[in-house]
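Protein chains: 2
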Amino acid sequence: MNETEIFKALADPTRRAVFERLVEGEKNATQVREGLDVSQPAISQHLTVLRKAGLVRERRVGRHVNYVVDPNGLTPLLDWFDRYRVYWPARIERLKTLLKELDQ
Amino acid sequence: MNETEIFKALADPTRRAVFERLVEGEKNATQVREGLDVSQPAISQHLTVLRKAGLVRERRVGRHVNYVVDPNGLTPLLDWFDRYRVYWPARIERLKTLLKELDQ
DNA sequence: GAATCAAATAAGTGTATGCTTATCTGTTGG
DNA sequence: CCAACAGATAAGCATACACTTATTTGATTC
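Just so you know, the protein sequences line up as chains U and A, in that order.
With the first letter of the first sequence counted as 1, position 6 gets the number 6 in the working numbering; the numbers rise by one all the way through.
Take any residue in the second sequence, note its place counting from 1, add 104, and you have its number in the working numbering.
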């Protein structure tokens, strides 16, 4: 749930691949594993890390456990970026300004 | 320069603190160190990691070496977020849509 | 309710990482 | 030039981490 945990979770390429696969849609651990050259426990461990970081949620469906991306999981990182938005490229910065104007 | 390197660089709390201090403005290694309870070599090592990740740049000024945040350093991460913007909170998502409409 | 299968946990291992102290490098000001 | 000082590098260490194989847990289906 905190920045460090999320950054760490996304810092590992394999784990980021797992996350990216879940972005495609809800999947169980076996489906997540397809195409990735790691053992079943490895996937399970990665999913635990992602879950603890608040990036994914699990949902039991019969014998399987489905994993879904948590829509709010990335929020802390977005907030962090927001705090240093001075250094964002102009394109994004422009966007932000726009929102403020619209909120008024 | 690649996502993994940047995520890793920002995943360490001390190193992220170093980066955040540089966001305040150009500083030399000694100034960066102030208030942080780590040795001089530790700071030097953190700065090297940040520099290799493309997040900061160094600039010799006499006997000192000044460090500055690289404005484009975060771009790869922003692009990554962009790729998964489906899961951004609605507020931001709305913004994006708006921009597109305005571009037309 | 026993067999089956998905997924988690246990235990162990090699490597990466963040830190330290000690030393070296390089630039400057007297 | 050389003394002084900023910062980098070397070397070593303890811990964290990503992975493996082996085993356990837990739910379903026959």
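Even for Gly, the Cβ is constructed at its ideal location relative to N, Cα and C.
In this structure, how does DSSP classify residue i when only helix, strand and coil are distinguished?
i	result
V136 of chain A	helix
V122 of chain A	helix
L3 of chain U	A small correction: the amino acid at residue 3 of chain U is Glu; Leu does not occupy that position in the sequence shown. E3 of chain U: helix per DSSP, three-state reduction.
V38 of chain U	coil
L206 of chain A	Confidence is the limiting factor: at L206 of chain A the pLDDT is only 45, short of 50, which leaves the residue's position unreliable, though a coordinate-based value still follows. It is helical.
Grab me the residues of residue i's own chain with a C-beta within less than 8 Å of its C-beta, minus the 5 sequence neighbours each way, in chain order.
i	result
V127 of chain A	V173
N2 of chain U	P76
S44 of chain U	A29
Y84 of chain U	none
Buried or exposed: where does residue i fall if 16 or more other Cβ atoms within 10 Å of its Cβ makes it buried?
i	result
K156 of chain A	exposed
R119 of chain A	buried
R137 of chain A	buried
H64 of chain U	exposed
T75 of chain U	buried
V38 of chain U	exposed
V51 of chain A	Not covered by the structure: residue 51 of chain A. The range shown for chain A is 105 to 208.
Since residue i contacts residue j with CB under 8 Å, what's their CB separation in whole angstroms?
i	j	result
N28 of chain U	N66 of chain U	5 Å
A115 of chain A	A42 of chain U	About 19 Å; that fails the 8 Å criterion.
L78 of chain U	I6 of chain U	Not confirmed; about 10 Å, so no contact.
Which residues in the same chain have their Cβ closer than 7 Å to the Cβ of residue i, if we skip the five residues on either side of it in sequence?
i	result
V49 of chain U	A9 and R15
P13 of chain U	none
Please list, in chain order, all residues of the same chain as residue i whose beta carbon is under 6 Å from its beta carbon, the five residues on each side excluded.
i	result
R125 of chain A	V136
H150 of chain A	R119 and V122
R163 of chain A	N170
E26 of chain U	N66 and V68
D82 of chain U	none
R161 of chain A	V172 and D174
W80 of chain U	E3
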